[in-house]
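K.L.:
Quick one: structure below, then a few questions.
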Amino acid sequence: MAETTKTMGNRPPKGFRNAERGWPELHRIPHPRRRLPLLGDVLGVDRHRPLQDSLRHARELGPIFRRRAFGNEFVLVWGARLVADLADESRFAKHVGLGVANLRPVAGDGLFTAYNDEPNWQLAHDVLAPGFSREAMEGYHGMMLSVADRLTDHWDRRLAAGHTVDVPGDMTRLTLETIARTGFGHDFGSFERDHPHPFVTAMVGTLGYAQRLNTVPVPLAPLLLRGATRRNAADMACLNRTVDELVAARRRSGGGEGDLLDRMLATAHPETGERLSAQNVRKQVITFLVAGHETTSGALSFALYYLARHPEIAVRARAEVDRVWGDAPYPRYDQVARLRYVRRVLDESLRLWPTAPAFAREAREDTVLAGEHPMRRGAWALVLTPMLHRAPEVWGPDPERFDPDRFTPAAVRARPPHTFKPFGTGARACIGRQFALHEATLVLGLLLRRYELHADPGYRLTVTERLTLMPEGLRLRLERRHRHPGEARRAVPGQDEPAAGRRQHPAEPRSASRCPVRGAGD
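First residue of the sequence shown? That's 1 in our numbering, and the numbers climb one at a time after it.
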C-alpha cells in the first residue's frame with residue numbers, strides 16, 4: 001500500500017478511479033450474480049433509474065457491495081457502521097466523481113463540484129458563509145412569503161377551474177423563484193408561464209446528460225450520445241447565457257443591496273483579500289441556481305405526496321400550524337421553527353427519499369474502513385443514502401413505513417450519529433441546509449393551512465432520477481379549507497396590493513435583492 005500511495009504524489013488523481021486499484025481486498029466485497037466478462041454487471045440493469053437499481057442490489061448483497069460496468073468497478077456502502085467511519089473527516093473527504101464530476105463542464109469549480117484541493121472552493125465558502133447567518137436567514141423570510149403567495153394564487157386559480165395541480169412542476173417554480181429573487185434580484189416569471197422557463201429545461205437536460213454519461217462505455221460515449229451531446233452543449237450555452245445576462249445587469253446597475261451576487265462580485269476574503277474571478281462567479285451562480293432549488297423542490301414534492309397519502313398525519317400537522325400560527329395572516333420567522341411536527345414530516349420524507357440520494361467519500365491516506373476493508377489513499381466509496389436511511393438496525397423492522405415520529409427528540413437522541421444524511425456530511429455538506437429547511441417548513445405550513453390535499457387513489461409513486469430524485473407525474477386535487485385561521489385578514493388577490501402587483505409582507509425587504517440566497521450543496 002505504501003508504494004501505491006507514493007506514486008500518487010501529493011494529490012490523488014482526477015477522473016474515475018477504478019476500485020481494483022484502491023481496494024486491495026476487493027475480492028471480499030460481494031457483487032451481483034451473473035457478471036459478464038468485459039461488460040460486468042449489466043444484465044437486468046435499469047439505465048433510467050440507476051440509483052433505484054443499486055438499491056435493489058443493496059437489499060440482496062448487504063451493507064457493502066461492488067458493481068462493475070464496462071471495465072469500471074466501484075464500491076457502494078450503506079451500512080450504518082461503515083458510513084459512520086466514512087464520516088470521519090480526519091481520514092476521509094468528499095470525492096467528486098460519477099455524476100458530480102460529469103457536471104464540471106457547466107459548474108466547474110463551483111462549491112458543489114470543486115475538487116478538495118481547488119482554492120476557489122475555500123475562497124467562495126469563506127466569502128459566502130456570512131450569507132447564511134441567523135440575521136441573513138431572517139431577511140429571507142419575507143421574500144419567501146412573497147413567492148409562496150404566487151404559488152397559492154396559482155393553486156387558487158387551478159382549484160377554481162376544477163383542475164388538479166402539478167406538484168413537482170409547481171414546487172420547481174416556487175424554489176427557483178425563491179433562490180433567484182433572494183440571491184440575485186432576478187424574477188424568472190415562473191408562475192406566469194405556461195411552460196417551464198428555458199433555464200429549467202436546460203438544467204434538467206444537463207442533469208440528465210450527466211446521469212447518462214455513467215451508463216455508457218467512455219470510449220463509445222461520443223458515438224452513442226452524439227445527439228445528446230449536441231443538446232447538452234446547447235443546454236450549457238443557455239445556462240451560461242442566462243447567468244451572464246443576470247451578472248451583466250447587476251454590473252450595469254452598480255450593485256444591489258448586499259445579496260449573494262453582490263458578495264460574489266464585490267466581497268474580498270477577510271484574510272487574504274482575494275476575490276472571485278469573473279469565470280468563477282458564473283460557475284457559482286449556476287451552482288446556486290441549479291443545486292439550490294432542485295433538491296428543495298424534490299423534498300417538498302415528496303412531503304406533499306406523503307401528506308396526501310396519510311390524511312391522519314396531515315390532520316395532525318395542520319392542527320399544529322393552526323395552533324402555532326394562530327389567526328395571524330402570515331407567520332413570523334421564529335414561528336416557523338416552532339412547527340416541530342411539520343418539520344418531522346419533512347425529515348421523514350427526506351429519510352425515505354433524500355433528493356440528493358448519494359455522496360462519495362475518498363480516503364485521505366491509506367486506511368482500513370471500519371477495521372475490515374483496506375483502502376489506499378484516493379480510494380473512494382459511494383454512500384447510498386436511501387439505504388442508509390432504511391438500515392433495519394437503525395430504523396427498525398419496518399423502515400419503509402412513513403412515520404414522522406421517528407424524529408421526535410427522544411428518538412433522534414437514541415439513534416447513533418451519522419445515520420441521517422440527506423445533506424451530505426463533513427466540511428462539504430450543504431451550505432444552505434438551514435435555509436432550505438426553513439423554506440420547506442414554511443411552505444408546507446402555508447399549504448396545510450390553506451388546503452386539504454387529496455391524492456389520486458390510482459397513483460403509485462414513481463421516482464424519476466436526474467442525479468436528484470423527484471416523484472414523477474404527481475398531481476393533487478385541492479379542497480379549500482373553510483375560513484382557516486387568518487384568512488379573513490389575508491389580502492385578496494387583486495386587492496390591497498402594492499404597486500408592484502403583489503402583497504407586501506411586513507417582514508419583506510423593499511428590494512427583492514436585499515438578502516443572500518439559501519444555497520446549494522457544496
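Backbone N, C-alpha and C fix where the C-beta goes; we use that ideal spot for every residue, glycine too.
None of these values were measured; they are calculated from a predicted model.
#1: Going by DSSP, which residues form a beta bridge with F420?
#2: Would you call the CB atoms of L476 and V167 closer than 7 Å?
#3: State the DSSP-derived secondary structure class of L261, mapped to helix, strand or coil.
#4: Using 6 Å as the cut-off, classify the Cβ of G254 as near or not near the heavy atoms of the ligand NAP, replying yes or no.
#5: Smallest Cα separation from G142: which of Y333, A440, G432, W395?
#6: How should Q284 be labelled, buried or exposed, when 16 other C-beta atoms within 10 angstroms of its C-beta is the threshold for buried?
#7: To the nearest whole angstrom, what separates the beta carbons of A107 and I286, a pair I think is in contact under 8 Å?
#8: Report the residue from A278, V247, P357 whose alpha carbon sits nearest the alpha carbon of E294.
#9: Using the C-alpha atoms, what's the distance from S54 back to T441?
#10: Hey, could you find the ends of the alpha helix (DSSP H) N72 is sitting in?
#11: Rounded to whole angstroms, what is the Cα-Cα separation between G205 and R230?
#12: Since G99 contacts L467 with CB under 8 Å, what's their CB separation in whole angstroms?
#13: Taking only runs of the beta strand (DSSP E) that begin and end inside the stretch 360 to 391, which ones reach a length of at least 3 residues, in chain order?
#14: Give the C-beta separation of L174 and A148 to the nearest angstrom, bearing in mind that I take them to be a contact with Cβ-Cβ under 8 Å.
#15: Just to confirm before moving on: does the CB-CB distance between H418 and A84 stay below 7 Å?
#16: Starting from Y451, trace the beta strand (DSSP E) in both directions and tell me its first and last residue.
#17: What does the alpha-carbon distance come out to for the pair V345 and P392?
#18: With a cut-off of 8 Å on the beta carbons, I'd call L304 and L151 a contact; round off their distance for me.
#19: Quick one: Cα of D170 to Cα of T296, how far?
#20: Looking only at its chain, what residues have a beta carbon closer than 7 Å to the beta carbon of V45, apart from the 5 residues adjacent to it on each side?
#21: According to the neighbour-count rule (16 or more other Cβ atoms, all chains shown, within 10 Å of its Cβ), is H257 buried or exposed?
#22: Determine contact between the stretch 77 to 92 and the stretch 56 to 66, defined as no fewer than three beta-carbon pairs at a distance below 8 Å.
#23: Work out the CA separation of L261 and D244 for me, nearest whole Å.
P.N.:
Considering the structure as presented:
#1: F420 is not bridged to any residue.
#2: The Cβ atoms of L476 and V167 sit closer than 7 Å to each other.
#3: Looking at L261 - three-state DSSP - the assignment turns out to be helix.
#4: Only the bare structure without any ligand can be found here, which leaves the ligand NAP out of the picture.
#5: Ranked by Cα distance from G142, the first of Y333, A440, G432, W395 is Y333.
#6: Of the residues assessed, Q284 falls on the buried side of the cut-off, its CB having 16 or more other CB atoms within 10 angstroms.
#7: At roughly 6 Å, the Cβ-Cβ gap stays under 8 Å, so A107 and I286 are in contact.
#8: It is P357.
#9: In a straight line, the C-alpha of T441 is about 30 Å away from that of S54.
#10: If you look at N72, you'll find it isn't in any alpha helix (DSSP H); it sits in the beta strand (DSSP E) that goes 72 to 77.
#11: For G205 and R230, the distance between alpha carbons rounds to 11 Å.
#12: About 5 Å; that satisfies the 8 Å criterion.
#13: Taking only runs of at least 3 residues, the beta strand (DSSP E) segments lying wholly in the stretch 360 to 391 are 367 to 369, 373 to 375, 380 to 384.
#14: Yes, they are in contact, since the Cβ atoms of L174 and A148 sit about 7 Å apart, within 8 Å.
#15: In contact: H418 and A84 (Cβ atoms closer than 7 Å).
#16: Note, Y451: beta strand (DSSP E), 451 to 455.
#17: If you take the alpha carbons of V345 and P392, they lie about 20 Å apart.
#18: Their Cβ separation, rounded to whole angstroms, is 12 Å, which puts L304 and L151 out of contact at 8 Å.
#19: Going from the Cα of D170 to the Cα of T296 covers about 12 Å.
#20: Taken in chain order, the residues that qualify are D53.
#21: Per the sequence shown, residue 257 should be read as Glu rather than His. Taking all protein chains in view, the Cβ of E257 is surrounded by fewer than 16 other Cβ atoms within 10 Å, so the residue is classified as exposed.
#22: Counting C-beta pairs closer than 8 Å gives three or more between the stretch 77 to 92 and the stretch 56 to 66, which meets the contact rule.
#23: Taking the straight line from one Cα to the other gives about 12 Å.
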